[in-house]
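These notes concern the structure reproduced below.
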Ligand SMILES: Nc1ncnc2c1ncn2[C@@H]1O[C@H](COP(=O)(O)OP(=O)(O)OP(=O)(O)O)[C@@H](O)[C@H]1O
Ligand SMILES: [Mg+2]
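Chains as they are written, first to last, in this note's numbering: chain X, 11 to 306; chain Y, 11 to 246.
Laid out in C-alpha cells, this is it:
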C-alpha cells in the first residue's frame, strides 16, 4: 500500500468515527447538531494534553478522554436539549465557537500555535504509524459501528427513534424526551472524543482551527450524503467526501462551497441520503438483487 | 374515582378553549364526552395526558395529583392515550411501534402474550409487522394506535375520536372492542367522540360539552333519551 493511500484512508476512518457519533445525535435521536467538531476537538486536546503534560500513554489516557467528553457532553448538551429544536442548531454552533475560542485564547491549550509534540501511539512496544495506525483506526471504526448497530437494536435506541419520530407521542408512552435526547447526545460526543484522540496522536500537532465550525459542517455533510440514521451511511459519506478532494485536487480550495452545495442538493433531491430507504442507490441495489418488492 | 378533574381550564395564546370543566371517571367505568367540532374535547384529553399545559384546575389520577406531572410520568402510572389522528411513529415499523407502547414495562407484562392478543384483535398488524408505519392506510394506523396503547395494560385509556377515518364496519368492531375491553378486561375508558350515538351506546355515563363548558351530564341511556341531545348530537 502506498503511503498516500494509507494517509487518506486513516483520515477517512477517523472522520467516519466522528460522523458515526453525529449520526446517533442527528440521525437516530433527530437532534440537529451543528457543533459536533467541538467534541472532536475536546477529545483531541484532552488526549494531547494528557500525553504531553501528564505523560500518560494513549491507552491510559483514553478512558479519561472519553469520560471528559461525556461529562462535557452532559454539561453543554443539557441546556441545549431543553430548548426548542430550532434553537438547538444555534446553541450547538455557539458551543463550537466557544470551544474553539477557548483553545485559541487560553494559553494552557497552546493558543494559535496549537499543541505539539504529541507522541505516536505505542502498542505492545510497537510505535504505530502508517499501516499499523490505519489498522488501529479501522478496529476502532469497526467497534463504533458495532456500538451503533447494537444501539439501533436496543430499547434505548428505540426510545430515541420514537422521540425523533414524534416527541409528544413518545412522551405519552412513558419515554422521557430529555433523558433520551441527552443519552444520544452524550453517546455521540464520547464517540467524537475517540476520533479526536486518534486524530491528535496521528497528527502529533493540533491547532484550534482543526475543530472549527467548517469541520462540523463537513461532518453533517458526511451523514446527510450517506444517509442519516442508517448504519452504513456515515461510512459511505466519509469515503466519498474524504476521497473526492483528493481526486479533484484543484477543488480543494472550494471545499466549503462543495459541502454547502452538496448539503442543499441532498436535502432537495435525496433527503434520506444515498443509503436512505427509497433512495436512487437503494432502489438500484434492490433491483440488482432481483428482489423487487413492489412487483409482489 | 380513578380520574377526577376539577375546574380544568385550557387556553391557547390567552384564548380559553376549555373553561372550568369538572368531571370524573370511576374505576371500571366507560365514560363519554360528546360535543361538536371545536367544543374542546381534544384539549381536555391532551391536558389530562399532560401533552398540553392546563392554565387552571386540578387533575387527580389514581389518588395522586398529577396536574404538574410531565406526560411521560403520567404514562408510567398507566394512563394511555389513543390520540386524535393516530400519531403512529412513521419511521418505525409496526412491531417497533407496539414495542414503544410497552416501553419500560418488560418486567410487568408478558410481551409475547400481549402481542398475540393484540394480533388477534387486529390481524392486519401481524401481517404488516415489519412494514414502516407510514406505509399503513389511515384506518390501519388508527388500529395500530389503539394496539400501541393497549399493549401497556393501561389503568385508564383515553380515546380521542377513534371512529375517525374508519369504515363503518370497522367502527362497529372498534366500539365493540372498546366495550369488551371495558366489560371483560376491566379497563377504564374515557371516550371523546363526535359519533355520539355509537359512543353513548357503550358508555355508562356521558358529558355533553358545549363551547368549552359542560352543558349536561348523566347516565348514558338518559342522555340518549334526552330530547335536546337527540336533536343536537344524535340527529334523530
Ligand atoms: N394549538 C392550538 N392553538 C390555538 N387554538 C387551538 C389549538 N388547538 C385547539 N385550538 C382551539 O381550541 C378549541 C377547541 O379545540 P379542540 O381541538 O379541543 O376541539 P375538539 O372538540 O376536539 O374538536 P374536533 O371535534 O373538531 O376534534 C377550538 O376552537 C380550536 O380552534
Ligand atoms: Mg378533537
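Where a beta carbon is used, it is the ideal one built from N, C-alpha and C, also for glycine.
{"Check": "Residue 51(Y) CB to nearest heavy atom of ligand 2 below 7 Å", "Outcome": "yes"}
{"Check": "The alpha helix (DSSP H) enclosing residue 129(Y), as first and last residue numbers", "Outcome": "121-131"}
{"Check": "Chain-order list of residues whose beta-carbon lies under 7 Å from that of residue 20(X) (same chain, five-residue window excluded)", "Outcome": "143, 144, 147, 212"}
{"Check": "Per DSSP, cross-strand counterpart(s) of residue 47(Y)", "Outcome": "Looking at the DSSP assignment, residue 47(Y) forms no beta bridge with any residue, so it has no partner."}
{"Check": "Endpoints, beta strand (DSSP E) assigned at residue 114(Y)", "Outcome": "Taken as a continuous stretch (DSSP letters only), residue 114(Y) belongs to no beta strand (DSSP E), as it is neither H nor E."}
{"Check": "Short Cβ contact (8 Å threshold) for residue 5(X) with residue 204(X)", "Outcome": "Examination of residue 5(X) is not possible in this model, given that chain X is present from 11 through 306 alone."}
{"Check": "Simplified DSSP state of residue 239(Y), which is helix, strand or coil", "Outcome": "helix"}
{"Check": "Selection from 20(Y), 27(Y), 48(Y), 53(Y) that minimises the alpha carbon distance to residue 248(Y)", "Outcome": "Past the edges of chain Y, shown from 11 to 246, lies residue 248(Y), and the structure says nothing about it."}
{"Check": "Interface residues of the stretch 97-128 of chain Y facing chain X [CB-CB below 9 Å]", "Outcome": "97, 98, 99, 100, 101, 102, 106, 107, 109, 110, 111, 112, 113, 114, 115, 116"}
{"Check": "Contact under 8 Å by Cβ, residue 96(Y) with residue 151(Y)", "Outcome": "yes"}
{"Check": "Residues within the stretch 172-200 of chain X neighbouring chain Y, beta-carbon criterion of under 8 Å", "Outcome": "172, 174, 175, 176, 178, 179, 180, 181, 182, 183, 184, 185, 186, 187"}
{"Check": "Residue 169(X) at chain C interface by Cβ criterion, 8 Å", "Outcome": "The chain labelled as chain C is not found among the protein chains of the depicted structure, namely X and Y."}
{"Check": "Short Cβ contact (8 Å threshold) for residue 125(X) with residue 199(X)", "Outcome": "no"}
{"Check": "DSSP beta-bridge partners of residue 39(X)", "Outcome": "DSSP lists no partner for residue 39(X)."}
{"Check": "Among 19(Y), 104(Y), 36(Y), 125(Y), nearest to residue 77(Y) - alpha-carbon criterion", "Outcome": "19(Y)"}
{"Check": "Short Cβ contact (8 Å threshold) for residue 134(Y) with residue 122(Y)", "Outcome": "no"}
{"Check": "Same chain only: Cβ atoms within 8 Å of residue 119(X), ignoring 5 sequence neighbours per side", "Outcome": "55, 59, 112, 113, 125, 218"}
{"Check": "Burial state of residue 164(X), where buried means 16 or more other Cβ atoms lie within 10 Å", "Outcome": "exposed"}
{"Check": "Residues of its chain near residue 192(Y), where Cβ-Cβ distance is below 7 Å and the 5 sequence neighbours each way are ignored", "Outcome": "40, 199"}
{"Check": "Chain X contact for residue 93(Y) (CB, 8 Å cutoff)", "Outcome": "yes"}
{"Check": "Simplified DSSP state of residue 146(X), which is helix, strand or coil", "Outcome": "helix"}
{"Check": "Closer than 8 Å to chain X by CB, residue 223(Y)", "Outcome": "no"}
{"Check": "Beta bridge counterpart(s) of residue 199(Y) as assigned by DSSP", "Outcome": "40(Y), 167(Y)"}
{"Check": "Host alpha helix (DSSP H) of residue 51(X) (start-end)", "Outcome": "46-62"}
{"Check": "Cβ pair residue 206(Y), residue 243(Y) closer than 8 Å", "Outcome": "yes"}
{"Check": "Distance between beta carbons of residue 231(X) and residue 269(X), contact taken as under 8 Å", "Outcome": "4 Å"}
{"Check": "Min CB distance residue 23(Y) to chain X below 8 Å", "Outcome": "no"}
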